[in-house]
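Q:
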Amino acid sequence: MPKWFMCLLAVTAIFVSNASAQDSAKAGGKAASETAMTNQFLKQFEPAALDQPTTDKIKEIFGKAAKEVVEKRKQAGVTPQMLKKRTDAVKQAREEGKKQKEVREFGLNAMGATEEQKQLVLETEDMLAKARIAVGKLLTDEQKSKLSKQLQSNLKEPTAPKKPKS
680 MPKWFMCLLA VTAIFVSNAS AQDSAKAGGK AASETAMTNQ FLKQFEPAAL
730 DQPTTDKIKE IFGKAAKEVV EKRKQAGVTP QMLKKRTDAV KQAREEGKKQ
780 KEVREFGLNA MGATEEQKQL VLETEDMLAK ARIAVGKLLT DEQKSKLSKQ
830 LQSNLKEPTA PKKPKS
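Under the working numbering, the first residue of the sequence shown carries the number 680, and numbering increases by one thereafter.
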């Protein structure tokens with residue numbers, strides 16, 4: 680599968696977990712949204728059995744990005760319900776066999792967001808992707824090999840699409 684498709688799947692998964700984390704944080708008041716988001720991200724690394732210093736670095740890198748993302752989305756009025764609508768729409772579009780570009784547009788339009796909010800969601804997705812790539816640089820090849828294929832691809836720099844030969 681193309682790497683960009685895998686990246687979109689991971690981002691969608693994060694949105695779903697972020698939306699449920701935000702709901703649970705409001706309901707229980709136990710953890711801030713960014714903490715729940717970071718903990719959800721860290722759970723994916725359990726198969727690699729990371730040492731504490733590496734786990735702490737991951738928390739620091741991803742936690743900082745998550746805090747900034749949550750803050751920006753909150754300021755822009757992007758709600759967990761909007762993100763859930765987007766996730767559901769993306770899932771439906773994929774099931775219908777739509778192309779990647781159509782899937783992305785379909786999801787953004789389903790949010791019921793303003794153009795500024797849509798742009799902010801895309802911007803914050805990029806921030807999280809950069810944080811995941813930074814986390815990937817901390818891990819050894821052996822540690823990465825123990826992770827799911829989807830997570831492995833999300834921890835790598837995206838490769839430029841190949842240009843057709845003239």
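Idealized CB from N, CA, C, for every residue including glycine.
How long is the line joining the alpha carbons of Asp730 and Val749, rounded to whole angstroms?
A: The alpha-carbon of Asp730 is positioned some 27 Å away from that of Val749.
Q: Compare the C-alpha of Lys816 against each of Gln829, Thr733, Ser827 and Pro759 and name the closest.
A: Thr733
Q: Since Lys770 contacts Met790 with CB under 8 Å, what's their CB separation in whole angstroms?
A: The Cβ separation is near 14 Å, so there is no contact.
Q: Apart from the five residues just before and just after Val800, which ones in its own chain have a Cβ nearer than 8 Å to its Cβ?
A: Arg752, Val757, Leu762, Arg765, Leu787, Met790 and Ala792
Q: I'd like the list of long-range same chain contacts for Leu830, defined as Cβ closer than 6 Å, with 5 residues on each side in sequence excluded.
A: Leaving aside the five residues that flank Leu830 on each side, the residues in its chain whose CB is nearer than 6 Å to its CB run, in chain order, Gln723.
Q: Suppose you measure from the CA of Ala755 to the CA of Ala728; what does that come to, to the nearest Å?
A: 37 Å
Q: When we look at the beta-carbon of Ser712 and count the other beta-carbons within 10 Å, is it buried (16 or more) or exposed?
A: buried
Q: Among Leu826, Lys746, Glu781 and Lys736, whose alpha-carbon lies nearest the alpha-carbon of Leu807?
A: Lys746
Q: Can you tell me the Cβ-Cβ gap for Leu834 and Lys825, rounded? I've got them flagged as a contact below 8 Å.
A: Wrong, their Cβ atoms sit about 12 Å apart, outside the cutoff.
Q: In three-state DSSP terms, what is Val800?
A: helix
Q: In this structure, how does DSSP classify Met761 when only helix, strand and coil are distinguished?
A: helix
Q: How far does the alpha helix (DSSP H) with Leu830 in it extend, from its first residue to its last?
A: Lys828 to Asn833
Q: Determine, for Gln779, whether the minimum Cβ-Cβ distance to residues of chain B falls below 7 Å.
A: The structure shown contains no chain B; it holds only a single protein chain.
Q: With a 10 Å radius around its C-beta and 16 neighbouring C-beta atoms as the bar for buried, classify Gly776 as buried or exposed.
A: Note on Gly776: under 16 other CB atoms within 10 angstroms of its CB, so exposed under the neighbour-count rule.
Q: When the distance is taken between beta carbons, is Ala813 closer than 7 Å to Phe785?
A: no
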